[in-house]
C-alpha cells in the first residue's frame, strides 16, 4: 500500500511506564534502536504524516524526529485525552482519518492501515456517511482499543472532547458511544501481532522477537 496523506498517525507515548521503572517507553532500546523507531518503521510504509502523542513535550524525545502532540496541561487522562488531542491535530493536517498505535507495540502488521481502512470503507458504505464508526484491531477475540482507525472531525471528536471535559475515562467509553467495528487479525497468529510492553518480562520477549526479525532480515538480504 503506498503511503497515504489522507491518514495521519499518532504513536501513543504518554504513559508513565511505571512497571518498567518509570522510563519513557518510546526510548527503551530494542536491538540497537529505540522502541518507537520500530513502530515508526512499520507505520511509515503506509502513512506519511506521523506524530508522537505525549502528555507534555519532552526534549528527550526530539531524537525521534517527530512532532509532539501534547494532551496536557492538567491531570493525565490517558489514551482518551491522547486521541482527543490527536484528532484535533489530524484535522489541522487535512487528514480524513487518524491511525493510533501505542509506542510499546513495536511489531504491528505491515498492512495494518490498509486492513483497517478497508474495513472502515465497507462499514461506511452501509452506515450514515455523517456518522462513520471506528475500526479497532483485534486478535483472538481481544480488542486492542488503542490500535484503531478514527474518522477525523465531526461526532467522534466532539464525543472525545466532551468525555475529557467530564473527567476522562477509558477508550472503551468513547468507542461505545461513537460506535466501532472489530477488525480481526487472527490470520497472523499464533503470536499476537499487537503484543505490547508493560513489564520487564514483556520487554525481554519483545527483545527476543526483535533479534529473530533482524536475523531473518539479514538472511533475506545476504542469502
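Residue numbers (UniProt numbering): 1 to 223. All residues carry an ideal CB built from backbone N, CA and C; glycine is no exception. Owing to the predicted nature of the structure, the values given are computational and were not obtained by experimental measurement.
- The count of Cβ pairs closer than 8 Å, one atom from the stretch 105-120 and one from the stretch 154-169, stays below three, leaving the stretches out of contact.
- Contact check for residue 87 against residue 150 passes: the beta carbons are separated by less than 8 Å.
- Between residue 83 and residue 70, the CB-CB gap reaches or exceeds 8 Å.
- Judged by DSSP in its simplified three-state form, residue 67 adopts coil rather than helix or strand.
- Only residues of its own chain outside the window of five on either side were considered, and among them 194 and 196 have a CB closer than 6 Å to the CB of residue 105, listed in chain order.
- Between residue 46 and residue 113, the CB-CB gap stays under 8 Å.
- Per DSSP, residue 117 is one residue of the alpha helix (DSSP H) stretching across 112-126.
- Residue pairing for residue 9: DSSP places it in a beta bridge opposite 50 and 99.
- With respect to the C-alpha of residue 168, the residue from 65, 79 and 52 having the closest C-alpha is 79.
- Around residue 30, the same chain offers 38, 106, 206, 207 and 210 as residues with beta carbons nearer than 7 Å, after the five sequence neighbours per side are excluded.
- CA-CA distance, residue 92 to residue 180, rounds to 24 Å.
- Between residue 142 and residue 136 the beta-carbon gap is near 11 Å, outside 8 Å, which marks them as no contact.
- Within the DSSP bridge table, the entry for residue 89 names no partner.
- With fewer than 16 other CB atoms across the displayed protein chains lying within 10 angstroms of its CB, residue 5 is exposed.
- Residue nearest to residue 146 within the set 102, 95 and 186 is 102 (criterion: CA-CA distance).
- By the criterion of a C-beta distance shorter than 8 Å, residue 63 is surrounded in its chain by 27 and 34, once the five residues flanking it on both sides are discounted.
- Minimum Cα-Cα distance from residue 81 among the listed residues 8, 140 and 159 corresponds to 159.
- In the three-state scheme derived from DSSP, where H, G and I count as helix and E and B as strand, residue 207 is classed as helix.
- Residue 138 holds the alpha-carbon nearest to the alpha-carbon of residue 189 among 176, 138 and 204.
- In the structure shown, residue 142 falls within a strand segment according to DSSP collapsed to helix, strand and coil.
- From the listed residues 8, 68 and 155, the smallest Cα separation to residue 94 is found for 8.
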